[in-house]
Amino acid sequence: MSSRFVIGRGPMLDIAMATWSAVQPDAAPARVEICQRADYGFDWSALDAIDRDAEVFVAFDETFGNFSRLEIFQAAIERGLHMPALVSPRAMVAAGVRLGPSCYVGDCAVIGAGSSVEYNSVVHAGALIGAGVRIKSSCWIGLGVRLADHAEIGMHCTLREGVIVAPGTKIGRNCELGIAGVYREDIAAKTVFDPRYDEPIVVYGG
Amino acid sequence: MPPAAYRSQEWFARERGRLFRRVWQFAGLKTMLGEHNAFITREVCGVPVVIQNFDGELRAFENLCLHRGAKLQWERAGRRPLLCRYHGWGYDKAGAPANIPLHDELYRFSTAERAGMCLRSFALRTVGNLVFINMNAEPIPFEQQFDAGFIASLESSSNAYDGEVITTTWTGRFNWKLAYENLRDANHPRFVHAQTLARSVDFICNVDEALVIDADAEPAPGAGRDLLRRFSWGGRDAPLRGVAPYAWRGMVERWGSDDAYYNWLAFPNLHIASGDGGHAFTIEHHVPLAPDRTAIEIYWMTAKKRRPYPYSSTVLLALMHGSKLVVGEDVRVMESVQAGLHDDAPQGNQGAFEASNRLIERWYMDLMENGGEF
Ligand code: FES
Ligand SMILES: [Fe+2]
Chain U
1 MSSRFVIGRG PMLDIAMATW SAVQPDAAPA RVEICQRADY GFDWSALDAI DRDAEVFVAF
61 DETFGNFSRL EIFQAAIERG LHMPALVSPR AMVAAGVRLG PSCYVGDCAV IGAGSSVEYN
121 SVVHAGALIG AGVRIKSSCW IGLGVRLADH AEIGMHCTLR EGVIVAPGTK IGRNCELGIA
181 GVYREDIAAK TVFDPRYDEP IVVYGG
Chain X
1 MPPAAYRSQE WFARERGRLF RRVWQFAGLK TMLGEHNAFI TREVCGVPVV IQNFDGELRA
61 FENLCLHRGA KLQWERAGRR PLLCRYHGWG YDKAGAPANI PLHDELYRFS TAERAGMCLR
121 SFALRTVGNL VFINMNAEPI PFEQQFDAGF IASLESSSNA YDGEVITTTW TGRFNWKLAY
181 ENLRDANHPR FVHAQTLARS VDFICNVDEA LVIDADAEPA PGAGRDLLRR FSWGGRDAPL
241 RGVAPYAWRG MVERWGSDDA YYNWLAFPNL HIASGDGGHA FTIEHHVPLA PDRTAIEIYW
301 MTAKKRRPYP YSSTVLLALM HGSKLVVGED VRVMESVQAG LHDDAPQGNQ GAFEASNRLI
361 ERWYMDLMEN GGEF
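Here the protein sequences line up with chains U and X, keeping their order. Position one of the first sequence corresponds to residue 1 (my numbering), numbered consecutively onward. Position one of the second sequence corresponds to residue 1 (my numbering), numbered consecutively onward.
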């Protein structure tokens, strides 16, 4: 009986399976699909069937501001499961970089000295993360995204392909940078740049 | 209406003077103006306007400094005294430049000169959480534009709004009137929104017999003033085929308990809806920019939260994406109508179910061609 599981859905599940196989070619993890009902609630039976103390990796996309992935992450914690970071052997991560539980670093991603990636965050293949960069929890850093030195990405941010964040720039929490280009100014929390819209989507109050 | 009503620059300017500068227009949300010095800015009839909270009192001013015309507030919304960034003039709630730094050394205005300086102000009226302004020096009574039942319904429902608001603006290539016509046409959803909205709501498209008679009748002299109130209505519109039990819906103080689609149409250019029985509300404000261009300002808020929850802004974003889909379908149709217009384009043939649009059209054409009755 395997004690390693990759749990999730869709392309991220395939990506994480491949990465884990590259990390440990002799011990393939079990692949567990998780089902979401029509009201977006999860069916936890697959998670309940896993023995305590097993190692799991949550492989789920950025749906719903990365909150869906967080929900699975929290359910796994509650069940006493272990969730180490999953780092591709082809990534280049500087010594001393802090990687939180269940975060992911893909092929050819580079993370510079003094940076940190908090729990449940995903750094996709080819991302270039400079030195002293802080990526808070439950972020989604898309393929090839570039974060210059000392950039700060608040929790639950989604940065899509083609995004470059200039040195020292702070992106508030719950932002989505979906339009390719260089972001040079600090961005207020809950701001969304979506290419289907004519102007940024902003949230006031709350 | 004649093609010029949708295309002509001259018509657009006349319409601005005869209609928009005289009616009460939606200007923003009180929830965004809750604290001392909170402000919102916007452009109304081409005039930059700031609405600012002075110790709990809301005031609407032209957003231009009396010194050399710099904008007083720059952001779309924020919290800051009414203070010019250029040379630091500060304004009080009467719109007077109460503080002119280095006045005696550098400006030396006489007392009379200073007393004559005052920002242009505009009448302001709040209904629940909705803020309206009127650009006219002698505004019509609010109750002439909207009837008491409609005002009460707006007040009650908007008081349910939560303070967390998501908003954006997109630009449609169509005349604003196509939007009010489209919104008063309950026969379009089954065609335009067949794959989206019409799947969850059965919009009821009826012929209002009394309205048909009125729309076809020769108007009595002086009846125009009372007509205006009939262009706006709201409340329960259509039954819903259930409300999905998303977790967030359990975390807000729902307005009412009816599984209904609510619609409020406020003439000329405001639409409010709750598509999920009072759990969330959207405001669509169609702001005329040019004869063939309209800003569509969209707001979403849930009903008041019982307590904060971490993903509330993500719920609002999902609701906004729903609008992008459904309003996007309307925009595509309206843009196609606009694109087809030319000077000699045929005028439409509206049926019995479109009596309310014909009634508005008659009043509007009288306003535009003869000066109308206000
Ligand atoms: S322009 Fe405003 S203070 Fe000079
Ligand atoms: Fe529509």
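Ideal Cβ placement from N, Cα and C applies to all residues, glycine included. In this text the structure is predicted, and so the values were computed from the model without any measurement.
When the options are compared against residue i, the one with the closest alpha-carbon
{"i": "Ile272(X)", "options": "Arg21(X), Gly340(X), Leu130(X), Ala38(X)", "result": "Leu130(X)"}
{"i": "Cys84(X)", "options": "Ala77(X), Gln144(X), Pro101(X)", "result": "Pro101(X)"}
{"i": "Thr302(X)", "options": "Ala290(X), Ala295(X), Met320(X)", "result": "Met320(X)"}
{"i": "Val182(U)", "options": "Leu47(U), Val192(U), Asn174(U), Ile164(U)", "result": "Ile164(U)"}
{"i": "Leu124(X)", "options": "Glu62(X), Tyr161(X), Asn263(X)", "result": "Glu62(X)"}
{"i": "Thr169(U)", "options": "Arg31(U), Thr19(U), Arg134(U), Gly205(U)", "result": "Arg134(U)"}
{"i": "Asp237(X)", "options": "Pro219(X), Ala217(X), Gly277(X)", "result": "Gly277(X)"}
{"i": "Met1(X)", "options": "Leu341(X), Ala352(X), Arg332(X), Ala220(X)", "result": "Leu341(X)"}
{"i": "Val201(X)", "options": "Asp343(X), Glu164(X), Ser274(X), Cys65(X)", "result": "Ser274(X)"}
{"i": "Met251(X)", "options": "Val207(X), Ala280(X), Lys305(X), Ser232(X)", "result": "Lys305(X)"}
{"i": "Leu240(X)", "options": "Ala198(X), Gly328(X), Leu211(X)", "result": "Ala198(X)"}
{"i": "Phe42(U)", "options": "Ile7(U), Leu147(U), Leu86(U), Ala148(U)", "result": "Ile7(U)"}
{"i": "Glu293(X)", "options": "Phe353(X), Asn187(X), Tyr309(X), Ala179(X)", "result": "Before going on, a small fix: residue 293(X) reads as Arg here, not Glu. The option with the nearest alpha carbon to Arg293(X) is Ala179(X)."}
Bridge partners - residue i, DSSP secondary structure assignment
{"i": "His285(X)", "result": "Leu270(X), Glu297(X)"}
{"i": "Met92(U)", "result": "Val110(U)"}
{"i": "Asp48(X)", "result": "Sequence inspection shows Pro at residue 48(X); the Asp mentioned does not correspond to that position. Glu43(X)."}
{"i": "Tyr86(X)", "result": "DSSP, once it has assigned bridges, lists no residue as partnering Tyr86(X)."}
{"i": "Cys35(U)", "result": "Asp43(U)"}
Residue-chain proximity (residue i, chain X), Cβ-Cβ < 7 Å
{"i": "Phe64(U)", "result": "yes"}
{"i": "Glu78(U)", "result": "no"}
{"i": "Val58(U)", "result": "no"}
{"i": "Met1(U)", "result": "In this prediction, Met1(U) has a pLDDT of 46, which is less than 50 and means its spatial position is unreliable; what the coordinates show is noted afterwards. It does not; no Cβ of chain X falls within 7 Å."}
{"i": "Gly205(U)", "result": "yes"}
{"i": "Phe67(U)", "result": "yes"}
{"i": "Lys170(U)", "result": "no"}
{"i": "Thr191(U)", "result": "no"}
{"i": "Glu199(U)", "result": "yes"}
{"i": "Asp43(U)", "result": "no"}
{"i": "Asp186(U)", "result": "no"}
Cβ neighbours of residue i in the same chain (closer than 7 Å, five flanking residues each side left out)
{"i": "Ser138(U)", "result": "Asn66, Arg69, Leu70, Asn120, Ser121, Met155, His156"}
{"i": "Leu19(X)", "result": "Pro268, Leu367"}
{"i": "Ile187(U)", "result": "Ile171, Gly172, Cys175"}
{"i": "Glu15(X)", "result": "Met368"}
{"i": "Ala98(X)", "result": "Gly90, Tyr91, Asp92"}
{"i": "Glu361(X)", "result": "Met1"}
{"i": "Val333(X)", "result": "Val192"}
{"i": "Glu110(U)", "result": "In the sequence on display, residue 110(U) carries Val and not Glu. For Val110(U), where only same-chain residues beyond five positions count, the Cβ hits under 7 Å are Met92, Leu128, Ile129."}
Neighbour flag for residue i against chain U, beta carbons, 7 Å
{"i": "Ser8(X)", "result": "no"}
{"i": "Ala375(X)", "result": "Outside the displayed range of chain X (1 to 374) lies residue 375(X), so it cannot be described from this structure."}
{"i": "Ile166(X)", "result": "yes"}
{"i": "Trp170(X)", "result": "yes"}
{"i": "Ser313(X)", "result": "yes"}
{"i": "Gly163(X)", "result": "yes"}
{"i": "Met320(X)", "result": "yes"}
{"i": "Met32(X)", "result": "yes"}
{"i": "Phe374(X)", "result": "no"}
{"i": "Ala38(X)", "result": "no"}
{"i": "Ala179(X)", "result": "no"}
{"i": "Ala77(X)", "result": "yes"}
is_contact[residue i, chain C] using C-beta, thresh 7 Å
{"i": "Asn120(U)", "result": "Protein chains in the displayed structure are U and X, and chain C is not among them."}
Sequence-distant residues of its chain with Cβ nearer than 6 Å to residue i (five each side left out)
{"i": "Met1(U)", "result": "Low confidence applies here, because Met1(U) scores a pLDDT of 46, under 50, leaving its location unreliable; read the following figure in that light. Answer for Met1(U): no residue qualifies."}
{"i": "His285(X)", "result": "Phe26, Leu270, Glu297"}
{"i": "Ile40(X)", "result": "Gly28, Met32, Ile51, Ala77"}
{"i": "Gly114(U)", "result": "Ala131, Gly132"}
{"i": "Glu152(U)", "result": "Arg134, Lys170"}
{"i": "Ser153(X)", "result": "Gly234, Gly235"}
Rounded distance between the beta-carbons of residue j and residue i, thought under 8 Å
{"i": "Arg4(U)", "j": "Glu55(U)", "result": "5 Å"}
{"i": "Tyr86(X)", "j": "Leu119(X)", "result": "About 15 Å separates the two Cβ atoms, so there is no contact after all."}
{"i": "Phe57(U)", "j": "Ser102(U)", "result": "6 Å"}
{"i": "Arg184(X)", "j": "Asn370(X)", "result": "Between Asn370(X) and Arg184(X) the Cβ distance is about 23 Å, and since that is not below 8 Å, they are no contact."}
{"i": "Gly224(X)", "j": "Gly372(X)", "result": "6 Å"}
{"i": "Phe122(X)", "j": "Ala77(X)", "result": "Rounded, the Cβ-Cβ distance is 18 Å, inconsistent with contact."}
{"i": "Tyr197(U)", "j": "Thr168(X)", "result": "6 Å"}
{"i": "Ala91(U)", "j": "Cys108(U)", "result": "7 Å"}
Chain-order list of residues whose beta-carbon lies under 8 Å from that of residue i (same chain, five-residue window excluded)
{"i": "Val49(X)", "result": "Ala27, Thr41, Arg42, Glu43, Ala60, Phe61, Glu62, Asn63, Phe122, Ile133"}
{"i": "Ala18(U)", "result": "none"}
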